[in-house]
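J.: My questions will all concern the structure given below.
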Amino acid sequence: MKVCAKCGEAKPYTEFHSSKNRADGKHPYCKVCDALKRRKPRGDLVNGRREMPDVEWLKEIIDYQDGVLSFRKSRGGISAGSPLGYESPNGYLHVRLLGILYPVHRIVWKLHHGTDPEFIDHVDGDKKNNSIDNLREVTRTQNNRNASLSKANTTGFTGVCYAKRERMYRAEIYAEGKRTSLG
Ligand SMILES: [Zn+2]
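Residue numbers 167 to 349, in our numbering, belong to the letters of the sequence shown in order.
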């Protein structure tokens with residue numbers, strides 16, 4: 167048996183990949199932990215949105231403190247601990263991971279809940295307040311209900327608003343991709 171340096175579990179030697187430069191000939195991380203470490207965000211488009219990176223990978227590189235994200239280690243010219251987030255024209259903060267821009271509030275959500283809801287809303291309306299307490303999931307059903315209500319009532323906070331935000335997000339990602347390829 168060998169204790170994994172990552173998860174701390176004692177596992178049979180067969181559960182560790184071979185590693186020539188290690189004294190015991192085995193990798194310090196078990197196969198499960200090694201696979202998680204190797205997994206990178208793919209950034210595939212899913213229903214028009216970029217797929218979020220795996221939560222394990224995000225937790226490994228990103229720290230969350232009071233609504234602010236930072237890298238645990240210096241990365242891409244950004245020093246460890248400095249607040250992350252470019253402000254986009256639509257007012258949301260974004261962070262670039264492996265060349266892809268992700269909204270900060272989506273990363274905050276994923277770090278805490280491990281999920282990628284279709285719609286996430288800022289409770290107080292402040293797009294830069296990415297405290298986990300200020301984020302709420304809005305389901306498609308709620309979104310549609312809000313949208314239909316808004317036809318009768320044009321005031322206030324509506325589903326149309328959410329839909330617009332999502333479109334802006336999509337458009338912006340697209341624009342950012344083009345800019346990256348030109349630059
Ligand atoms: Zn492990």
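The beta carbon of each residue, even a glycine, is placed where N, CA and C say it ideally should be.
(1) Specify, as a first and last residue, the run of the beta strand (DSSP E) that Arg302 falls within.
(2) With a threshold of 16 other CB atoms inside 10 Å of the CB of Tyr179, please say whether the residue is buried or exposed.
(3) Determine contact between the region 217 to 226 and the region 261 to 279, defined as no fewer than three beta-carbon pairs at a distance below 8 Å.
(4) Note down the Cα distance separating Ser245 from Glu226, rounded to an integer number of angstroms.
(5) Please identify the residue among Ile298, Met167 and Asp287 whose C-alpha is closest to the C-alpha of Asp190.
(6) Counting only the same chain and skipping the five closest in sequence on each side, list residues whose C-beta sits under 7 Å from that of Asp290.
(7) Do the CB positions of Asp287 and Val261 come within less than 8 Å of each other?
(8) Would you call the CB atoms of Leu375 and Val274 closer than 8 Å?
(9) Can the beta-carbon of Pro194 be found less than 8 Å from the beta-carbon of Ala176?
(10) For Phe237 and Lys192, what's the separation of their Cα atoms in angstroms?
(11) Unbroken alpha helix (DSSP H) runs of length 4 or more, entirely within the region 169 to 230: which are they?
(12) Which same chain residues, not among the five before or five after Ile228, have their C-beta less than 6 Å away from its C-beta?
(13) The beta strand (DSSP E) spanning Val261 covers which residue range?
T.: Short version:
(1) In the DSSP assignment, Arg302 falls within the unbroken beta strand (DSSP E) covering Leu301 to Val304.
(2) Per the 10 Å Cβ criterion, exposed.
(3) Yes, the region 217 to 226 touches the region 261 to 279.
(4) Taking the straight line joining both Cα atoms gives about 16 Å.
(5) With respect to the C-alpha of Asp190, the residue from Ile298, Met167 and Asp287 having the closest C-alpha is Met167.
(6) If we look at Asp290 and ignore the five residues flanking it on each side, its Cβ neighbours are Asn300.
(7) No, the Cβ-Cβ distance between Asp287 and Val261 is not below 8 Å.
(8) Not covered by the structure: residue 375. The range shown for the chain is 167 to 349.
(9) Contact flag unset, no.
(10) C-alpha separation (whole angstroms): 29 Å.
(11) 197 to 204 and 221 to 227, all fully within the region 169 to 230.
(12) When the five nearest sequence neighbours on each side are left out, the beta carbons in the same chain lying within less than 6 Å of the beta carbon of Ile228 are those of Leu235, in order along the chain.
(13) Counting along the chain, the beta strand (DSSP E) containing Val261 begins and ends at Leu259 to Leu263.
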